[in-house]
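Chemist: Keeping their order, the protein sequence lines are chains X and S.
Mapping the first sequence onto the numbering used here, position 227 (from 1) lands on 227, and the numbers just tick up by one.
Take any residue in the second sequence, note its place counting from 1, add 236, and you have its number in the numbering used here.
Got a structure here, written out as structure tokens. Questions coming.
Number of protein chains: 2
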Amino acid sequence: MAYVDRGFNSGGGRISPTSAEFARAGIQNDCTLRPARHPQHSVLFYEGDKAERVYELDEGVVMLFKLLPDGRRQVVEILNAGSVFGLSAGEVYDCSAESLTPVKVSTLDRNSLETSPSLQRHVTRCLLSQLETLHDHAVLLGRKSAMERVSTFLMRLVPNRGGFGCVGPTEEAGEDSRSVTLHMTRQEIADYLGLTIETVSRVISEMKRKGLICIDRQDQIRIVNICRVCQMTGMH
Amino acid sequence: MAYVDRGFNSGGGRISPTSAEFARAGIQNDCTLRPARHPQHSVLFYEGDKAERVYELDEGVVMLFKLLPDGRRQVVEILNAGSVFGLSAGEVYDCSAESLTPVKVSTLDRNSLETSPSLQRHVTRCLLSQLETLHDHAVLLGRKSAMERVSTFLMRLVPNRGGFGCVGPTEEAGEDSRSVTLHMTRQEIADYLGLTIETVSRVISEMKRKGLICIDRQDQIRIVNICRVCQMTGMH
DNA sequence: CGACGGCTTGAGGCGCTTCAAGTGCGGTGG
DNA sequence: CCACCGCACTTGAAGCGCCTCAAGCCGTCG
Numbered sequence: 001m002a003y004v005d006r007g008f009n010s011g012g013g014r015i016s017p018t019s020a021e022f023a024r025a026g027i028q029n030d031c032t033l034r035p036a037r038h039p040q041h042s043v044l045f046y047e048g049d050k051a052e053r054v055y056e057l058d059e060g061v062v063m064l065f066k067l068l069p070d071g072r073r074q075v076v077e078i079l080n081a082g083s084v085f086g087l088s089a090g091e092v093y094d095c096s097a098e099s100l101t102p103v104k105v106s107t108l109d110r111n112s113l114e115t116s117p118s119l120q121r122h123v124t125r126c127l128l129s130q131l132e133t134l135h136d137h138a139v140l141l142g143r144k145s146a147m148e149r150v151s152t153f154l155m156r157l158v159p160n161r162g163g164f165g166c167v168g169p170t171e172e173a174g175e176d177s178r179s180v181t182l183h184m185t186r187q188e189i190a191d192y193l194g195l196t197i198e199t200v201s202r203v204i205s206e207m208k209r210k211g212l213i214c215i216d217r218q219d220q221i222r223i224v225n226i227c228r229v230c231q232m233t234g235m236h
Numbered sequence: 237m238a239y240v241d242r243g244f245n246s247g248g249g250r251i252s253p254t255s256a257e258f259a260r261a262g263i264q265n266d267c268t269l270r271p272a273r274h275p276q277h278s279v280l281f282y283e284g285d286k287a288e289r290v291y292e293l294d295e296g297v298v299m300l301f302k303l304l305p306d307g308r309r310q311v312v313e314i315l316n317a318g319s320v321f322g323l324s325a326g327e328v329y330d331c332s333a334e335s336l337t338p339v340k341v342s343t344l345d346r347n348s349l350e351t352s353p354s355l356q357r358h359v360t361r362c363l364l365s366q367l368e369t370l371h372d373h374a375v376l377l378g379r380k381s382a383m384e385r386v387s388t389f390l391m392r393l394v395p396n397r398g399g400f401g402c403v404g405p406t407e408e409a410g411e412d413s414r415s416v417t418l419h420m421t422r423q424e425i426a427d428y429l430g431l432t433i434e435t436v437s438r439v440i441s442e443m444k445r446k447g448l449i450c451i452d453r454q455d456q457i458r459i460v461n462i463c464r465v466c467q468m469t470g471m472h
């Protein structure tokens, strides 16, 4: 489990007009704003680092994780574009952040956060959505079986399905299928779902055997029948 | 698992000068603020209810929980005085709230939240602290053994110990012990820690047998040697 | 081609759950 | 005052699901 060095200081260019919410909030102060790109598997910060900067993810996927001293890892959040992270209640980051894909992030000095009410609102909205996701994830980690965890994980990657606003199988006669990209290794999925890599692999194999999914590529899964997978999440 | 009816409409009195942060924030609008008391085991709202009001806990302890359709329950948060809850990213509450002790809560209309910047800051601070707690809890649920979970739970009830700012055993020669009140049944603890009631009971019995704790009353545990219990949390 | 890394598969073991009694304690009533 | 009841908790025995350890497989790259 060797993690890549933080690939920082890469291209501290000027803000692009279409990029961050940070920009939309009207904060364009030279020293506080630095949109930057980082390759896959860059560590943006480590748990315990001084929490001086706040991040907004403009493009790509980032995971937040925590380590126990004996090496056990728990991935606590998977963040998509639009998420704000790196905000801490204390002086230091409470978890580490690593990019799962190439990413584009904007950062902001922690102190300048409080200057903009519209930015405050945006941050609050992000935090609330993260809170709900973490509540759901607590249910997954505390109460679901391995099969339910993997099914829930896969359903999370299908937009507009599985939640309250589930649109159901599309009207079109025919299959209710969809291909999703994981952006994560089996080990990362295991550490997110509170399982071992072997269990994740076994469950995925079983779903394949049952005809619920097809493995197009290692990190590209075709869900053959979305409704059937959704039924296995424990939420129906 | 029968849950008590929501004992609402009890005493919608006027605000007391020493009570909520909501008040300190300068929001004293008659229709938006209603400090109220509720007995132990009152359900303040249910998952799925329209999220019209935001709560602040002035006194007592509240738990937030979610249920799966087959009855499995996960307690997702335990909240102490000062916490804000009932804020939702969507239209409805994402979990249910029940008092573990008699409580005093202030409520605020959801819409009036955005009017006060100082209140915004207070809410953000609360959300951040809840986020960190949920991160820690994800590690507990995903990666810790039963013994580690119970030890972590007990240490959470000891102020100033176990965290970064742990003061260590007090200088005073003698025992490093402390009595804590759980405010929860074994079933509630189990549903919080992602275990069964039997496992929680067995682990507590084993800790008692090892001389780590004494059971004063059912919900009152004396931690005989705090450092030794802390050592079992998996975080050292 | 061979080496490497990520993934899969198998066999066995352990930790927690399940199911089923048993215990202890506070409250009620004879 | 004590017998009885109910409820929460404890304890035991058996089973199962996931973990551990160990090979084996497969695609990629030098």
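Yeah, the Cβ is synthetic: ideal placement off N, Cα and C, and Gly gets one too.
Determine which residues of the segment 356–371 of chain S have a Cβ less than 8 Å from any Cβ of chain X, and write them out in chain order.
Modeler: Answer in chain order: Gln356, Arg357, Val359, Thr360, Arg361, Leu363, Leu364, Ser365, Gln366, Leu367, Glu368, Leu370, His371.
Chemist: Quick one: does Asp330 (chain S) have its CB under 9 Å from some CB of chain X?
Modeler: With 9 Å as the cut-off, Asp330 (chain S) counts as an interface residue toward chain X.
Chemist: With three or more beta-carbon pairs closer than 8 Å as the criterion, would you say the segment 53–61 of chain X touches the segment 102–111 of chain X?
Modeler: Counting Cβ pairs under 8 Å, three or more are found: they touch.
Chemist: Comparing C-alpha positions only, which one of S:Asn396, S:Leu429, S:Glu424 sits nearest to Leu370 (chain S)?
Modeler: Answer by Cα proximity: S:Leu429.
Chemist: Helix, strand or coil for Arg458 (chain S)? Go by DSSP, reduced to three states.
Modeler: The answer is strand: DSSP assigns Arg458 (chain S) an E or B state.
Chemist: From the DSSP output, read off the bridge partner residues of Ala146 (chain X).
Modeler: DSSP output for Ala146 (chain X) lists no bridge partner at all.
Chemist: By the criterion of Cβ-Cβ separation under 8 Å, what are the contact partners of Pro395 (chain S) in chain X?
Modeler: Neighbours of Pro395 (chain S) on chain X: none; closest Cβ ~16 Å, over 8 Å.
Chemist: Quick one: what does DSSP say Asp216 (chain X) is sitting in, helix, strand or coil?
Modeler: Strand, per DSSP.
Chemist: What alpha helix (DSSP H) runs, 4 residues minimum, are completely inside the segment 185–211 of chain X?
Modeler: The segment 185–211 of chain X contains these whole alpha helix (DSSP H) runs: 186–193, 197–209.
Chemist: Buried or exposed: where does Val167 (chain X) fall if 16 or more other Cβ atoms within 10 Å of its Cβ makes it buried?
Modeler: Answer is exposed; the Cβ neighbour count stays below 16.
Chemist: In whole angstroms, what separates the C-alpha of Val140 (chain X) from that of Ser99 (chain X)?
Modeler: Per the sequence shown, the amino acid found at residue 140 (chain X) is Leu instead of Val. The straight-line gap from Cα to Cα measures roughly 23 Å.
Chemist: Going by beta carbon distance, what residues of the same chain come within less than 6 Å of Val439 (chain S), once the five residues before and after it are set aside?
Modeler: These residues qualify, in order along the chain: Ala382, Met383, Val386.
Chemist: Return the chain-ordered list of same chain residues with a C-beta closer than 6 Å to the C-beta of Gln187 (chain X), the five sequence neighbours on each side being excluded.
Modeler: Once the five neighbours on either side are set aside, the close Cβ partners of Gln187 (chain X) are Ile197.
Chemist: Can you name the start and end residues of the beta strand (DSSP E) that Tyr55 (chain X) belongs to?
Modeler: Segment 53–59, the beta strand (DSSP E) holding Tyr55 (chain X).
Chemist: Contact defined as beta carbons within less than 8 Å: I believe Asp412 (chain S) pairs with Asn461 (chain S). What is the distance between those atoms, to the nearest angstrom?
Modeler: About 6 Å; that satisfies the 8 Å criterion.
Chemist: Just mark His183 (chain X) as buried or exposed, buried being the case when its beta carbon has 16 or more other beta carbons within 10 Å.
Modeler: Classification of His183 (chain X): buried, given that the 10 Å Cβ count is 16 or more.
Chemist: Given a cut-off of 9 Å, decide if Phe281 (chain S) and Ala325 (chain S) are closer than it, judged by their beta-carbon atoms.
Modeler: The answer is no: Cβ separation not under 9 Å.
Chemist: With DSSP run on the structure shown, which of helix, strand or coil describes Ala89 (chain X)?
Modeler: The answer is coil: DSSP assigns Ala89 (chain X) none of H, G, I, E or B.
Chemist: Going by the DSSP bridge assignment, what does Leu364 (chain S) pair with across the sheet?
Modeler: DSSP output for Leu364 (chain S) lists no bridge partner at all.
Chemist: Is there at least one Cβ from chain S nearer than 9 Å to Leu79 (chain X)'s Cβ?
Modeler: By this cut-off, Leu79 (chain X) is not an interface position.
Chemist: Per DSSP, what kind of secondary structure is Glu313 (chain S) in: helix, strand or coil?
Modeler: Looking at Glu313 (chain S) - three-state DSSP - the assignment turns out to be strand.
Chemist: Thinking C-alpha only, which one of S:Pro305, S:Leu431, S:Leu323, S:Val298 is nearest Glu480 (chain S)?
Modeler: Because residue 480 (chain S) is not part of the residues shown, which for chain S are 237 to 472, the question remains open.
Chemist: Hey, how far is the Cα of Ile223 (chain X) from the Cα of Phe164 (chain X)?
Modeler: Rounded to whole angstroms, Ile223 (chain X) to Phe164 (chain X) spans 20 Å at the Cα level.
Chemist: According to DSSP, is Met299 (chain S) helix, strand or coil?
Modeler: Three-state DSSP puts Met299 (chain S) in a strand.
Chemist: Within the 9 Å Cβ cut-off, does Lys50 (chain X) reach chain S?
Modeler: It does not; no Cβ of chain S falls within 9 Å.
Chemist: Quick one: is His137 (chain X) near chain S, going by C-beta distance under 9 Å?
Modeler: True, the Cβ-Cβ gap to chain S drops below 9 Å.
Chemist: Using a C-beta to C-beta distance shorter than 8 Å, which residues of chain S count as neighbours of Gln74 (chain X)?
Modeler: Near Gln74 (chain X) (Cβ distances below 8 Å), the residues of chain S are Ala374, Val375, Gly378, Arg379.
Chemist: In three-state DSSP terms, what is Leu376 (chain S)?
Modeler: Three-state DSSP puts Leu376 (chain S) in a helix.
Chemist: Tell me the DSSP bridge mates of Thr188 (chain S)?
Modeler: Nothing can be reported for residue 188 (chain S): it is not among the residues displayed for chain S, which extend from 237 to 472.
Chemist: Nearest to Ser415 (chain S) by alpha carbon, out of S:Ile451, S:Gly447, S:Pro405, S:Ser352?
Modeler: The shortest Cα separation from Ser415 (chain S) among S:Ile451, S:Gly447, S:Pro405, S:Ser352 belongs to S:Ile451.
Chemist: Can you give the Cα-Cα distance for Glu47 (chain X) and Leu64 (chain X), rounded to whole angstroms?
Modeler: Using only the alpha carbons, I get a separation of about 9 Å.
Chemist: Could you tell me which chain X residues have their CB closer than 7 Å to the CB of Lys302 (chain S), listed as they occur along the chain?
Modeler: In chain order: His135, Val139.
Chemist: Check whether the Cβ atoms of Val123 (chain X) and Thr360 (chain S) lie closer than 9 Å to each other.
Modeler: Yes. Within cutoff.
Chemist: What does the alpha-carbon distance come out to for the pair His236 (chain X) and Arg308 (chain S)?
Modeler: Rounded to the nearest angstrom, the two C-alpha atoms are 12 Å apart.
Chemist: Please list the partners that Ala36 (chain X) has in chain S, where partner means a Cβ-to-Cβ separation under 8 Å.
Modeler: Per Cβ cutoff of 8 Å: no residues; Ala36 (chain X) is ~24 Å from chain S at best.
Chemist: Per DSSP, what are the beta-bridge partners of Ser106 (chain X) in this structure?
Modeler: BP columns for Ser106 (chain X) point to X:Glu56.
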